[in-house]
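For reference, the structure discussed in these notes is given below.
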Amino acid sequence: MTDHVIGIDIGTTGTKTGIYDLEGRLVGEAFEESILRYPRPGEVEQDPEEIVRSVVNTVRMAMSRSRLGPERIAAIALDGQMAGIMGIDADWNPVTHYDSWLDTRCAPWLNELRPHEDEIIRTCGMALAFNHAPKILYWRDRPEVWNRIASFIQPAAYVAGKLAGLKGEDAFMDRTYLVFSGFGSSERSVWNEELLARFNLTTEKLPRIVEPWHVIGTVRADWAQAMGLSAGTPIAAGCGDQSANVLGGGLVDPGTVFDTSGTASVFATVIDRFGTDTTYRCLMTCPHVVPGLYFPMAYVAGGGLNLRWFRDSLSPREKAEWEGLGANPYDELTKAAATIAPGSEKLIFLPHLSGRNTPNDPDMRGAFLGLTWRHGKPHMVRAILESIAYEYALYLRAVREIAPGYDPIFAVNIGGGARSDVLRQIKADALGLEYRCMDREEFGTLGAAIVAGHSVGLFPDLRETARRFAGPTRVVARARPDLTSAYEPYVDAYIDALQSLSPLFSRMNQRLTRAA
0 MTDHVIGIDI GTTGTKTGIY DLEGRLVGEA FEESILRYPR PGEVEQDPEE IVRSVVNTVR
60 MAMSRSRLGP ERIAAIALDG QMAGIMGIDA DWNPVTHYDS WLDTRCAPWL NELRPHEDEI
120 IRTCGMALAF NHAPKILYWR DRPEVWNRIA SFIQPAAYVA GKLAGLKGED AFMDRTYLVF
180 SGFGSSERSV WNEELLARFN LTTEKLPRIV EPWHVIGTVR ADWAQAMGLS AGTPIAAGCG
240 DQSANVLGGG LVDPGTVFDT SGTASVFATV IDRFGTDTTY RCLMTCPHVV PGLYFPMAYV
300 AGGGLNLRWF RDSLSPREKA EWEGLGANPY DELTKAAATI APGSEKLIFL PHLSGRNTPN
360 DPDMRGAFLG LTWRHGKPHM VRAILESIAY EYALYLRAVR EIAPGYDPIF AVNIGGGARS
420 DVLRQIKADA LGLEYRCMDR EEFGTLGAAI VAGHSVGLFP DLRETARRFA GPTRVVARAR
480 PDLTSAYEPY VDAYIDALQS LSPLFSRMNQ RLTRAA
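Here it is as structure tokens:
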């Protein structure tokens with residue numbers, strides 16, 4: 000009896016496998032940390048074979064913990080990192096390392112793409128970044144490697160093809176990755192051959208585009224034995240990791256907002272038409288697993304690290320005292336921030352301490368703007384919290400421009416920051432949205448598992464299944480209309496500050512780099 004499915008999430012920090020029954024209950028899981036290599040500054044790599052081993056190991060461990068027989072598994076699907084690429088040869092062997100989305104050695108090739116950025120935004124759905132297009136151009140200019148490459152693919156596809164015994168001519172990429180491609184159409188799910196030709200490229204080294212639930216093959220006997228599965232278990236193409244998170248979180252209705260408050264502060268929402276952000280250039284409009292839906296997304300890299308920076312660098316004495324008393328320093332910092340009026344007495348913080356990612360502005364830096372002698376540490380902490388709300392408010396404005404009539408319903412908040420009452424209330428007030436939380440904490444493997452089940456007919460209706468499996472939400476913060484109005488000029492000032500200071504930071508970086 001095949002009554003379980005497996006979802007495998009190949010993330011930046013590690014690989015996680017989850018086994019789910021037909022009611023979405025997790026019955027076995029395992030995690031293995033990734034091995035990231037940093038050969039030189041700006042270079043971040045992963046060994047594709049180590050990624051394969053992490054999948055094999057976590058599937059085997061999850062199967063053991065579930066106590067299920069291999070005959071109980073109906074299908075598997077993998078999701079994975081979306082913006083990086085790797086090259087394979089005609090026999091599905093790696094020609095390159097996995098060129099991570101964190102790797103910036105392709106930066107000079109962004110200049111070659113820059114004259115075509117408007118078209119790339121309109122077709123792919125996002126502005127230029129360290130994703131597939133500049134990475135492909137980087138390898139194009141290394142003929143000793145380029146000539147051996149049969150196709151470029153992502154790590155999840157590489158593992159799936161390895162398990163199925165595919166050849167280079169079988170290379171595939173599901174359509175949810177197209178937003179990061181630079182050379183594809185996220186709306187039409189095709190390659191932009193005219194744009195490719197401008198760079199002396201064709202589709203020869205690009206994978207075929209498939210649906211997430213397309214069965215690309217079945218598990219070979221040798222891999223099945225290594226993982227504790229049955230030979231012949233179907234493998235679905237799967238999807239990008241963010242697409243899996245959105246599906247697993249039950250975000251299948253236009254207007255729902257998804258706020259991931261982790262190391263990065265990630266904002267996503269669902270719309271029912273394709274639109275691109277040509278005004279602010281901060282949104283990437285990603286294809287949803289559910290046909291006809293899209294989810295605009297943007298994020299603050301390290302947004303969740305700013306409070307830790309303040310705690311460790313600016314409040315080490317208080318941190319030691321609180322910990323000595325058994326108190327949580329984060330709770331104490333936010334408790335003090337809650338005593339400060341909204342707006343932090345005209346103090347605004349820019350949260351981009353490591354540069355701005357959406358849009359790509361590597362010279363942008365963090366800053367406190369408007370400091371006076373009246374301001375103390377509680378003001379600064381509140382300004383740090385408010386900065387994420389202001390950034391999200393900017394994202395909401397961008398969504399309203401690309402989707403006329405867009406009406407956000409509520410925000411679902413997950414991640415470590417979702418536990419902060421103060422931060423949730425600030426966001427609810429600044430955005431004018433009700434904030435909700437969920438009891439479930441794992442979404443990536445669940446989303447991939449739903450795709451696996453859909454591929455073999457176990458879950459005919461993707462939307463109904465995603466809603467049911469995600470479970471109910473509970474209200475944790477309600478917007479106060481008077482404060483939503485009060486925050487509006489602060490959002491305006493924040494956006495003005497970003498636009499005004501971006502060229503200043505660029506000039507400052509150039510000048511000081513030359514001086515050094």
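Under numbering that gives the first Met the number 0, the first residue of the sequence shown carries the number 0, and numbering increases by one thereafter. Glycine residues also receive a C-beta, built at the ideal position from the N, C-alpha and C atoms. Nothing here was measured: the structure is a model prediction, and the numbers come from that model.
Closest by C-alpha distance to residue i, when choosing among the options
i	options	result
residue 127	372, 357 and 10	357
residue 278	166, 320 and 399	399
residue 351	57, 259 and 383	383
residue 483	433, 118 and 508	433
residue 48	59, 416, 33 and 37	33
residue 390	499, 298 and 177	298
residue 72	1, 458, 29 and 511	1
residue 83	63, 104 and 361	104
residue 152	57, 56, 282 and 87	87
residue 171	458, 150 and 186	150
residue 435	95, 248, 90 and 113	248
residue 328	498, 343 and 312	312
residue 98	201, 335 and 35	35
residue 68	424, 79, 18 and 378	18
residue 410	330, 514, 499 and 265	265
residue 202	290, 132, 154 and 241	132
residue 102	75, 125, 135 and 477	135
residue 306	260, 496 and 471	260
residue 235	214, 439, 480 and 251	214
residue 257	395, 275 and 12	395
residue 271	287, 263 and 280	287
residue 225	506, 498 and 51	51
residue 275	431, 442, 397 and 472	397
residue 205	173, 186 and 229	173
Continuous beta strand (DSSP E) stretch holding residue i: start and end
i	result
residue 422	That residue, residue 422, is in no beta strand (DSSP E); its alpha helix (DSSP H) goes 420-430.
residue 30	25-32
residue 295	293-299
residue 85	85-87
residue 473	472-476
residue 306	Segment 305-308 is the alpha helix (DSSP H) holding residue 306; no beta strand (DSSP E) there.
residue 417	First-last for residue 417: undefined, no H or E at that position.
residue 14	13-20
residue 43	Premise fails: residue 43 is in no beta strand (DSSP E) and is neither H nor E.
residue 6	3-9
residue 411	410-413
Enclosing alpha helix (DSSP H) for residue i [first to last residue]
i	result
residue 286	It is not in any alpha helix (DSSP H) - residue 286 instead sits in the beta strand (DSSP E) that spans 283-286.
residue 264	From DSSP, residue 264 is part of no alpha helix (DSSP H) but of the beta strand (DSSP E) over 264-268.
residue 54	47-65
Reduced DSSP secondary structure (H/G/I, E/B, other) of residue i
i	result
residue 96	coil
residue 109	helix
residue 103	coil
residue 483	helix
residue 326	coil
residue 79	strand
residue 491	helix
residue 122	helix
residue 70	helix
residue 506	helix
residue 513	helix
residue 36	strand
residue 274	coil
Residue i at chain D interface by Cβ criterion, 9 Å
i	result
residue 343	In the displayed structure, chain D is absent; only one protein chain is listed.
Practice task
Identify every run of the alpha helix (DSSP H) within the region 185-260, keeping only runs that are complete inside it and at least 4 residues long; order them along the chain.
Solution key: For the region 185-260, whole alpha helix (DSSP H) runs of length 4 or above, ordered along the chain, are 192-196, 220-226 and 240-247.
Practice task
Please determine if the region 12-32 and the region 434-454 are in contact, where contact requires at least 3 C-beta pairs separated by less than 8 Å.
Solution key: Touching, yes.
Problem - Complete beta strand (DSSP E) runs within the region 124-193 (minimum length 3 residues, chain order) - result: Entirely contained in the region 124-193, the beta strand (DSSP E) runs reaching 3 residues are, in chain order, 150-152 and 171-173.
Problem - Inter-stretch contact at 8 Å, needing at least 3 Cβ pairs: the region 106-122 / the region 169-188 - result: Touching, per the Cβ criterion.
Handout entry: Whole beta strand (DSSP E) elements within the region 328-407, 3-residue minimum
Key = For the region 328-407, whole beta strand (DSSP E) runs of length 3 or above, ordered along the chain, are 347-349 and 366-368.
Exercise for the section: Please confirm if the region 186-200 is in contact with the region 216-232, defined as three or more CB-CB distances below 8 Å between the two stretches. Expected result: Output reads no: the region 216-232 does not touch the region 186-200.
Exercise for the section: Just list the beta strand (DSSP E) runs in the region 427-463, keeping only unbroken ones of 3 residues or longer that don't cross its boundaries, in chain order. Expected result: Fully enclosed beta strand (DSSP E) runs of 3 or longer: 434-437.
Exercise for the section: Could you tell me whether the region 33-44 touches the region 455-474, where touching means 3 or more Cβ pairs closer than 8 Å? Expected result: Short answer: they don't touch.
Exercise for the section: Indicate whether the contact test is met: 3 or more Cβ pairs, each with one atom in the region 96-116 and one in the region 59-77, closer than 8 Å. Expected result: As far as the Cβ criterion goes, the region 96-116 does not touch the region 59-77, which means the pair count is below three.
Practice task
Take every Cβ of the region 406-414, pair it with every Cβ of the region 204-212, and state whether three or more of those distances are shorter than 8 Å.
Solution key: The region 406-414 is not in contact with the region 204-212.
Exercise for the section: Tell me, please, whether the region 276-296 touches the region 422-433 by the rule of three or more beta-carbon pairs shorter than 8 Å. Expected result: With a cut-off of 8 Å on Cβ pairs, the region 276-296 is not in contact with the region 422-433, counting fewer than three such pairs.
Exercise for the section: Flag this pair as touching only if the region 359-366 and the region 233-252 have three or more C-beta atom pairs under 8 Å; answer yes or no. Expected result: They do not touch, by the three-pair rule.
Practice task
Give a yes or no on contact between the region 339-349 and the region 317-324, applying the rule of three or more CB pairs nearer than 8 Å.
Solution key: Fewer than three beta-carbon pairs drawn from the region 339-349 and the region 317-324 are found closer than 8 Å, and the two stretches are therefore not classed as touching.
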